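**Student:** Okay, handing you the structure first.
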Amino acid sequence: MKTSLFGTSCWTAAWIATLSVAIGLPVQAQQPQAGHDHAGHAHGAHEHGGETLAYRLPQWKEMHFDDAQKAEQHLQAVQKLGCEVRKDSHAGHTDVVYRCPDWKSINVANHDLAHQWEGWMKTMGFDYSHGHVDAALTQGPESLEYRLTEWKTIHAEATAAGDITKLVATLKSIGCEVRDERHEGHADISYRSPIWRDIHFANHQSAQQWQSWLQANGFEARHEH
Numbered sequence: 425m426k427t428s429l430f431g432t433s434c435w436t437a438a439w440i441a442t443l444s445v446a447i448g449l450p451v452q453a454q455q456p457q458a459g460h461d462h463a464g465h466a467h468g469a470h471e472h473g474g475e476t477l478a479y480r481l482p483q484w485k486e487m488h489f490d491d492a493q494k495a496e497q498h499l500q501a502v503q504k505l506g507c508e509v510r511k512d513s514h515a516g517h518t519d520v521v522y523r524c525p526d527w528k529s530i531n532v533a534n535h536d537l538a539h540q541w542e543g544w545m546k547t548m549g550f551d552y553s554h555g556h557v558d559a560a561l562t563q564g565p566e567s568l569e570y571r572l573t574e575w576k577t578i579h580a581e582a583t584a585a586g587d588i589t590k591l592v593a594t595l596k597s598i599g600c601e602v603r604d605e606r607h608e609g610h611a612d613i614s615y616r617s618p619i620w621r622d623i624h625f626a627n628h629q630s631a632q633q634w635q636s637w638l639q640a641n642g643f644e645a646r647h648e649h
């Protein structure tokens with residue numbers, strides 16, 4: 425389902441229109457919570473509905489425009505996403521240069537819209553990550569927050585197929601992006617979860633067990649109660 429712009433704020437409508445004209449994002453796409461910076465921030469302190477897409481652009485990206493208006497629209501669009509931006513006009517054209525060195529996130533209504541944003545992020549040069557926390561891990565009074573900003577790879581023997589399958593399922597259940605590569609008798613499992621997420625448990629002991637497991641597997645993890 426695509427969400428209409430009717431009922432949204434003027435600022436929201438203007439921003440989506442700017443994105444649509446400048447970079448081809450469908451006008452019907454629901455406005456995300458733009459430029460949300462999770463660096464050093466506790467995700468569990470607030471709730472997001474729908475789907476969350478993390479993104480960053482560590483290196484400067486340069487785009488050339490012959491149309492000054494389109495250059496300005498693109499500049500405003502990436503600024504709304506929290507990017508650092510520079511603009512240089514010369515020889516009859518405009519260069520828009522931007523980067524986003526820290527992980528940020530946007531929140532959209534559903535999976536289809538998240539994939540639309542993934543396509544745009546890829547075209548614009550961003551690194552992006554999209555995952556889902558299992559619904560069974562969203563209930564309970566004890567909250568555990570975690571993230572893993574860079575890829576971590578575990579090497580395993582392909583003969584341990586059952587353990588590999590269980591590991592991949594567990595990582596995906598907590599919203600990790602996972603790559604599973606099998607070759608020459610072994611498996612390389614790479615994973616990351618670059619923004620703070622939270623999972624919930626019925627008691628403190630369960631939260632502590634998960635915290636220990638996450639930390640042993642490369643995550644930052646914190647549990648307060």
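When you line the sequence shown up against my numbering, it's residues 425 to 649, in that order. Heads up, the beta-carbon is just placed ideally off N, CA and C, and yes, glycines get one too. Model, not experiment: these values are computed from the prediction.
Closest to Q500 by C-alpha separation, out of H514, Y522, A584, would be which residue?
**Tutor:** Counting from 1 along the sequence shown, the entry for residue 500 is found at position 76. Per the Cα distances, Y522.
**Student:** Please state the DSSP three-state secondary structure of Q635.
**Tutor:** Residue mapping note: residue 635 aligns to position 211 of the sequence shown, counting from 1. Q635 falls in the helix class under three-state DSSP.
**Student:** Could you name the residues that DSSP lists as bridge partners for S417?
**Tutor:** Missing from the structure shown is residue 417; the chain here goes from 425 to 649 and no further.
**Student:** Here's a check: name, in chain order, each residue in its chain whose Cβ is nearer than 7 Å to the Cβ of D558, leaving out the five neighbours to either side.
**Tutor:** Position 134 of the sequence shown, counting from 1, holds the residue named residue 558. The answer, listed in chain order, is S597.
**Student:** Are Y552 and A478 closer than 8 Å when you measure CB to CB?
**Tutor:** As a working note, residue 552 is residue 128 in the sequence shown. As a working note, residue 478 is residue 54 in the sequence shown. Their beta carbons are under 8 Å apart, which means Y552 touches A478 by this criterion.
**Student:** So is N368 buried or exposed if we call it buried at 16+ other beta carbons inside 10 Å?
**Tutor:** Residue 368 cannot be examined here, being either before or after the span of the chain that is shown, 425 to 649.
**Student:** How big is the Cα-Cα spacing for S617 and K494?
**Tutor:** Position 193 of the sequence shown, counting from 1, holds the residue named residue 617. Position 70 of the sequence shown, counting from 1, holds the residue named residue 494. About 34 Å.
**Student:** Contact defined as beta carbons within less than 8 Å: I believe T577 pairs with I613. What is the distance between those atoms, to the nearest angstrom?
**Tutor:** Position 153 of the sequence shown, counting from 1, holds the residue named residue 577. Position 189 of the sequence shown, counting from 1, holds the residue named residue 613. Rounded, the Cβ-Cβ distance is 7 Å, consistent with contact.
**Student:** Apply the 10 Å Cβ neighbour rule to R480 and answer buried if 16 or more other Cβ atoms are within range, or exposed otherwise.
**Tutor:** Taking the sequence shown and counting its residues from 1, one reaches residue 480 at position 56. By the neighbour-count rule (16 or more Cβ atoms within 10 Å), R480 is buried.
**Student:** What three-state label does DSSP hand T562 in the structure shown?
**Tutor:** Translated into positions along the sequence shown, residue 562 becomes position 138. Coil, per DSSP.
**Student:** L568 to D604, Cα distance in whole Å?
**Tutor:** Residue 568 sits at position 144 when you count from the first residue of the sequence shown. Residue 604 sits at position 180 when you count from the first residue of the sequence shown. Rounded to whole angstroms, L568 to D604 spans 26 Å at the Cα level.
**Student:** May I ask which residues mark the beginning and end of the alpha helix (DSSP H) holding L505?
**Tutor:** Position 81 of the sequence shown holds residue 505. L505 -> no alpha helix (DSSP H), and no H or E assigned at all.
**Student:** Terminal residues of the continuous beta strand (DSSP E) containing A478?
**Tutor:** Counting from 1 along the sequence shown, the entry for residue 478 is found at position 54. First-last of the beta strand (DSSP E) with A478: 475-489.
**Student:** So, using beta-carbon positions, are I623 and W634 closer together than 8 Å?
**Tutor:** For the purposes of this step, residue 623 is taken as the residue at position 199 of the sequence shown. For the purposes of this step, residue 634 is taken as the residue at position 210 of the sequence shown. Yes; because the gap between Cβ atoms is below 8 Å, this pair is in contact.
**Student:** I need the boundaries of the beta strand (DSSP E) containing E608, first residue and last residue.
**Tutor:** In the sequence shown, the residue the question calls residue 608 occupies position 184. Premise fails: E608 is in no beta strand (DSSP E) and is neither H nor E.
**Student:** Going by DSSP, name the residue or residues bridged to T518.
**Tutor:** In the sequence shown, residue 518 corresponds to position 94, counting from 1. Paired residues: F489, S513.
**Student:** Grouping DSSP H, G and I as helix and E and B as strand, with all else coil, what is H628?
**Tutor:** The sequence position of residue 628 within the sequence shown is 204, counting from 1. In this structure, H628 counts as helix in the three-state DSSP scheme.
**Student:** In whole angstroms, give me the CA-to-CA distance for H488 and V509.
**Tutor:** By one-based count along the sequence shown, residue 488 stands at place 64. By one-based count along the sequence shown, residue 509 stands at place 85. For H488 and V509, the distance between alpha carbons rounds to 13 Å.
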